[in-house]
Amino acid sequence: MREINIIQQIKSGEVSKVQFKERLLDYYDIGCELVAFSNARGGTLVIGVKDKTGSVNPLSYLEVQETTNRLGNIASENVIPAILVDVETIPVDGGSLVVAHIKEGLNKPYHDNRGIVWVKNGADKRKVFDNAELAEMMTDCGSFSPDEAGVRDASIKDLDESTIKTFLGNRFEKALVRKGLVGDAFREASLNTVCSAIASGHDGEKLLRNLRFIRPDGKITVAAMLLFGKYTQRWLPVMTAKCICFVGNNLGGTQFRDKVNDADIEGNLLHQFETIMDFFTRNLRHIQVGKEFNSQGVLEIPYISLVEFTVNALVHRSLNATAPIRIFIFDDRVEIHSPGILPNGLSVDDIVVGTSMPRNMFLFTNAIHLLPYTGAGSGMLRALSEDMKVSFINNDRTNEFVVIINRPESNQPNADSDTKLRYSDTGLNTDSDTSNANSDTKLGYSDTGLDTDFSTFNADSDTKRPKITNKQRDIVNFCSVPRSSKEILERAGVTYHSKNIQTYIMSLIEAGYLEMTNPEHPNASNQKYRRSKK
Numbered sequence: 050m051r052e053i054n055i056i057q058q059i060k061s062g063e064v065s066k067v068q069f070k071e072r073l074l075d076y077y078d079i080g081c082e083l084v085a086f087s088n089a090r091g092g093t094l095v096i097g098v099k100d101k102t103g104s105v106n107p108l109s110y111l112e113v114q115e116t117t118n119r120l121g122n123i124a125s126e127n128v129i130p131a132i133l134v135d136v137e138t139i140p141v142d143g144g145s146l147v148v149a150h151i152k153e154g155l156n157k158p159y160h161d162n163r164g165i166v167w168v169k170n171g172a173d174k175r176k177v178f179d180n181a182e183l184a185e186m187m188t189d190c191g192s193f194s195p196d197e198a199g200v201r202d203a204s205i206k207d208l209d210e211s212t213i214k215t216f217l218g219n220r221f222e223k224a225l226v227r228k229g230l231v232g233d234a235f236r237e238a239s240l241n242t243v244c245s246a247i248a249s250g251h252d253g254e255k256l257l258r259n260l261r262f263i264r265p266d267g268k269i270t271v272a273a274m275l276l277f278g279k280y281t282q283r284w285l286p287v288m289t290a291k292c293i294c295f296v297g298n299n300l301g302g303t304q305f306r307d308k309v310n311d312a313d314i315e316g317n318l319l320h321q322f323e324t325i326m327d328f329f330t331r332n333l334r335h336i337q338v339g340k341e342f343n344s345q346g347v348l349e350i351p352y353i354s355l356v357e358f359t360v361n362a363l364v365h366r367s368l369n370a371t372a373p374i375r376i377f378i379f380d381d382r383v384e385i386h387s388p389g390i391l392p393n394g395l396s397v398d399d400i401v402v403g404t405s406m407p408r409n410m411f412l413f414t415n416a417i418h419l420l421p422y423t424g425a426g427s428g429m430l431r432a433l434s435e436d437m438k439v440s441f442i443n444n445d446r447t448n449e450f451v452v453i454i455n456r457p458e459s460n461q462p463n464a465d466s467d468t469k470l471r472y473s474d475t476g477l478n479t480d481s482d483t484s485n486a487n488s489d490t491k492l493g494y495s496d497t498g499l500d501t502d503f504s505t506f507n508a509d510s511d512t513k514r515p516k517i518t519n520k521q522r523d524i525v526n527f528c529s530v531p532r533s534s535k536e537i538l539e540r541a542g543v544t545y546h547s548k549n550i551q552t553y554i555m556s557l558i559e560a561g562y563l564e565m566t567n568p569e570h571p572n573a574s575n576q577k578y579r580r581s582k583k
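So for the sequence shown, our numbering puts the first residue at 50; every next one is plus one.
Set out below in structure tokens:
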């Protein structure tokens, strides 16, 4: 570090990565500073500068020798595990400054010789007591993998066989083609049959063990529950997302146009992804791009970009943080809040040029067979290549990574919004339920027990689909993975009766919302129903 650089830094004052000390008087306090730097992104300690005023008090030749020796002793005796400190001297008028460079630690969490873990907190430092924060440090340096941790009391019965089959079909496509398990043969085959075709003599449980989705102690891994879980949030309640479309541009606003109920988004990552994308497509405006009147519109924010940002939030979120993903649509922007800052020292500049350094490696390498991404880092480049304004915030204070996408001004709702407004946390009906001819969606009121009608459009058709109730829409979302008639009626909270089958299954098939997994044999005992891909 050159003299001119250190003088400029002194004038700027202390920051999270630079600390000043006039002399090494309190060895324990210096050790705590080194611990905090090692647990963070590293930093620089400058000796010979008053931390209160920033005035320089240079060290003599003898003081320089004593200070450099003492720093080495503190780094080995007061920091556990011991660290290496790179020390240099900077000549200034009247003497020298000692500058110690501390690298980000590779064996976190570090603690002092009293067993206390310290981290940086702005220009100061603080103690760490939260187990989740300690686990995040261990994850950051590779000594703990939360996606490979076991889920207590869960078993293979808590995993959805249809989703597992989809995963295996994508991952082992070539092997299954060689065995002739394709098309209808694959759809009609049991999970054990598919597993045996992939690896002779393997049933579902044995293959999942070999693929490390089941640990040697028999516990289901967090990754398996996230990818294949029937009711993922029963075991991992914070692994979900909150989606709200607000009126206006204020997070504290009380009016909203749309909100995904917790029950609607509960499920594995594939279900969450599809639910989030449905939320985007029904709340963002469609822009006509062709000259013909009936030309198909495109979203005001490119769909490919929304897919990339959503997948990143689902796959790369911190699994140690006890917070959900939060997705907000405002009149002027879209925000995606993902728990946890960028891992492994990545910066915003790194990710915008396509640098890929996954946080949850096991989940990342397997989710690629269920979710639409390549894993090469090219998705971010494609997302940013679209003509839109995007900003990223790597927020250490709130421990989250935020993507902010500006909405085109010409497409922002105005006071004469074509969408019915809803009020959160109130039981009041409003008179603001007007709509116009351009309305894509008629939204009702949330947090009530009413079955409110939704007018929806088929994304691939110019014709309007029949209206369905809130409960029926919940069934459609629930069937993002194939479900049996019994599971569907249990979800609806009704008895197993032909009338209820007609209301909650057959009517949705006729309307094009659901489809049979085995349409050639409608009454087959293994018949299931899934959301229509048409």
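Think of the CB as a built atom: it goes at the ideal place given N, C-alpha and C, for glycine as much as any other residue.
Relative to the alpha-carbon of M406, which residue among N219, N361, G253 has its alpha-carbon at the smallest distance? N361
8 Å contact criterion, which W167 and D173 should meet: CB distance rounded: With 8 Å as the limit, W167 and D173 do not qualify as a contact, their Cβ atoms being about 10 Å apart.
Look at the alpha carbon of E323 and the alpha carbon of L133, and state the distance between them as a whole number of angstroms. 48 Å
Where I123 falls, given that 16 or more other Cβ within 10 Å makes a residue buried: buried
Out of V439, N415, I554, which one is the CA nearest neighbour of I517? I554
Going by DSSP, what residues sit across from N444 in a beta bridge? E449
Going by Cα to Cα distance, which pick from N88, G144, I350, K176 is closest to E458? I350
Among I269, T215, V287, N241, which has the Cα closest to the Cα of G199? Taking each of I269, T215, V287, N241 in turn and checking the Cα distance to G199, the smallest one comes out for I269.
According to DSSP, what are the bridge partners of M565? Y578
DSSP-derived helix/strand/coil call for R72: Of the three classes helix, strand and coil, the one that applies to R72 here is coil, per DSSP.
Any idea which residues DSSP pairs L146 with across the strands? Its beta-bridge partners are I139.
DSSP three-state assignment for D381, whether helix, strand or coil: coil
For I528, the residue or residues it bridges with in DSSP: According to the sequence displayed, residue 528 carries Cys and not Ile. Answer is none; C528 lacks a bridge partner.
Please check the pair S367 and E115, which I expect to be a contact at CB under 8 Å, by giving their CB distance rounded to whole angstroms. No, S367 and E115 are not in contact; Cβ-Cβ is about 43 Å, not under 8 Å.
Put C294 into one of helix, strand or coil per three-state DSSP. strand
Exposed or buried, what is K577 when buried is set at 16 or more other beta-carbons lying within 10 Å of its beta-carbon? buried
Should the segment 435-450 be regarded as contacting the segment 388-395, the criterion being three or more beta carbon pairs within less than 8 Å? yes
Answer yes or no: do V148 and V95 have a C-beta to C-beta separation smaller than 8 Å? Annotated as proximal: V148 and V95, with beta-carbon spacing under 8 Å.
Do three or more CB pairs link the segment 273-287 to the segment 232-251 at distances below 8 Å? no
Report back the beta-carbon spacing between A246 and L230 to the nearest angstrom; my notes put them in contact at under 8 Å. 5 Å
Limits of the alpha helix (DSSP H) - the one that F358 falls within: 352-365
Leaving out five residues on either side along the sequence, give the residues of the same chain with a beta carbon under 8 Å from the beta carbon of S466. Confidence at S466 is low in this model, with a pLDDT of 43, below 50, so its placement is unreliable and no value can be given for it.
To the nearest whole angstrom, what separates the beta carbons of G171 and S87, a pair I think is in contact under 8 Å? Not really, about 17 Å apart at Cβ, beyond 8 Å.
Taking the C-alpha atoms as reference points, what is the distance between D399 and M437? 19 Å
Flag this pair as yes or no: are the beta carbons of H365 and F216 separated by less than 8 Å? no
Under three-state DSSP, which class holds T404? coil
Where does Y110 land, buried or exposed, given buried means 16+ other C-beta within 10 angstroms? exposed
Tell me, which residues are paired with V33 by DSSP? Here the chain covers residues 50 to 583 and nothing more, so residue 33 does not appear.
Just the C-alpha distance for D207 and M274, rounded to the nearest angstrom, thanks. 8 Å
Excluding sequence positions up to five away, which residues of its chain have a Cβ less than 7 Å from the Cβ of L256? In the same chain as L256, and ignoring 5 residues on each side of it, the C-beta atoms closer than 7 Å to its own belong to C244, I247, A248, in chain order.
Give the secondary structure of S245 by DSSP, where H, G and I count as helix, E and B as strand, and everything else as coil. helix
What residue does the beta strand (DSSP E) around L94 start on, and which one ends it? 92-96
Using a Cβ-Cβ cutoff of less than 6 Å, which residues in the same chain neighbour E210 once the five nearest sequence positions on both sides are dropped? L240
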